[in-house]
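Below you'll find the structure, written out as structure tokens, and then a few comments.
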Amino acid sequence: MNKIKTMSTEKIGFIGLGNMGHPMAKNLEKAGFSLSVYNRTIEKAEEFKEKSTVFENVSELVKNNDIIFTMLTNDAAVKAVYEEVLALDITGKLFIDMSTISPEKSNEISSAIKIKEGSFIDAPVAGSTKPAADGTLIIMVGGEEKDVQRAEPFLQKLGKNIKHLGENGKGIAAKLSVNYFISTLYQGLAETILFSDKLGIERQDMLEIINESASGSGATKVKTPLLVENNYEPAFALDLMLKDILLAKDAGADYPLSQTLIETYQSAHNEGFGKDDVIGIINYLKK
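Residue 191 in this note's numbering sits at position 191 of the sequence shown, and the numbers go up by one each step.
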């Protein structure tokens, strides 16, 4: 076994520098940790070359680091990365997967990592690109207490609230649950704005009423500028929400709203709105 290291000597690797991973890794860099990064599209790592180490493949990053974060798009991307990981000697290394994937895939990887004497926690997040940049994400964690304690000093630089929910898989379970709820909020918000548009209420006025009343939330407030400006550049793409709704369905979300949500988000994807921000579903509903 590797000797136990203090936080100051742990070497940190981060795999996946997309819309969420890039600002998250930047927060670890700003905190002064020894950081290495890898992204399949190497150009996305350009901004890390001055202060951190950029690796050109997964294997070298894993070999040279003690704690490895992964923030990837879906089951297929996570599977591809961890297939490379599992070909290596990973004794004593801790893997922190912050991706939103199926509970089955997460538990499969967790078990395989432990067989090879590594450690694994699932730690998906609630929050989009701005909380990622601000370090104010909600982090939902599943894993053994000792592994969570080892990860916590680093997770604290990424989120304002770290919830350890139990064994491996509990973090993913909580993430699918909260995204199921948010998918209903965004469809409901889009339908409400279209209804008030039809009745001649200015969007800015309607959204102010929503946000200042009991119906408002962080979810409605963060999407207000997009709705007012009619600009749906993705902070969290509609296709990612569709992926999460389908994962929730497969995990047992079988309720009156479930099929409606799947039909709406799937149809929006089919009509070409999948790359827009999730609240861009309003353009599909408007058709």
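The C-beta atom is built at its ideal place from N, Cα and C for all residues, glycine as well. Every value quoted in this text rests on a predicted model; they were computed, and no experiment measured them.
Check	Outcome
State the DSSP-derived secondary structure class of F69, mapped to helix, strand or coil.	strand
Is M1 buried or exposed, if buried means 16 or more other CB atoms sit within 10 Å of its CB?	In this prediction, M1 scores a pLDDT of 37, lower than 50, which makes its location untrustworthy; the coordinate-derived value is nonetheless stated afterwards. With fewer than 16 other Cβ atoms within 10 Å, it is exposed.
Mind checking which residues open and close the alpha helix (DSSP H) that includes S110?	103-115
Rounded to whole angstroms, what's the CA-CA distance from K157 to E202? Just pull it up for me.	40 Å
Can you round the beta-carbon distance between S59 and L35 to whole angstroms, since I take them to be within the 8 Å contact cut?	Going by Cβ atoms, the distance from S59 to L35 rounds to 18 Å, so no, they are not a contact pair.
With distance defined between alpha-carbon atoms, name the residue in G252, P153, K79, A133 nearest to Y180.	G252
Measure the alpha-carbon distance for Y265 versus E212 and round it to whole angstroms.	28 Å
Find the nearest neighbour of D277 within the set E43, N230, K286, judged by alpha-carbon distance.	N230
Starting from F195 and walking both ways along the alpha helix (DSSP H), at which residues does that stretch end?	170-198
Bridge partners of M269, per DSSP?	Position check: residue 269 holds His in this sequence, whereas Met was assumed. Partner(s): none; H269 has no beta bridge.
Pull up the CB-CB distance for T136 and K160, whole angstroms please, since I reckon it's below 8 Å.	4 Å
Taking contact to mean 3 or more Cβ pairs, one atom from each stretch, closer than 8 Å, check whether the region 126-133 and the region 105-115 are in contact.	no
Quick one: which unbroken alpha helix (DSSP H) runs of 4-plus residues sit fully inside the region 206-255? Chain order, please.	218-229, 238-250
Just the Cα atoms here: how many angstroms apart are E29 and D122?	21 Å
In whole angstroms, give me the CA-to-CA distance for T192 and Q259.	20 Å
Which residues bound the alpha helix (DSSP H) around N332?	The displayed coordinates of the chain run from 1 to 287. Any statement about residue 332 would go beyond what the structure contains.
Which residues share a DSSP beta bridge with G37?	According to the sequence shown, residue 37 is Val rather than Gly. Its beta-bridge partners are F14, V54.
Which residues share a DSSP beta bridge with L261?	Looking at the DSSP assignment, L261 forms no beta bridge with any residue, so it has no partner.
Let me know the secondary structure DSSP gives S59 once reduced to three states.	helix
Can the beta-carbon of D97 be found less than 8 Å from the beta-carbon of T73?	no
What do you reckon, are the CB atoms on I12 and N65 nearer than 8 Å?	yes
Whose C-beta lies closer than 6 Å to the C-beta of I109 among residues of the same chain, with five residues either side of it excluded?	Y82
Under 8 Å, do I282 and A190 count as touching if we go by C-beta distance?	yes
Compute the Euclidean distance between the alpha carbons of L194 and K286, then round it to the nearest angstrom.	7 Å
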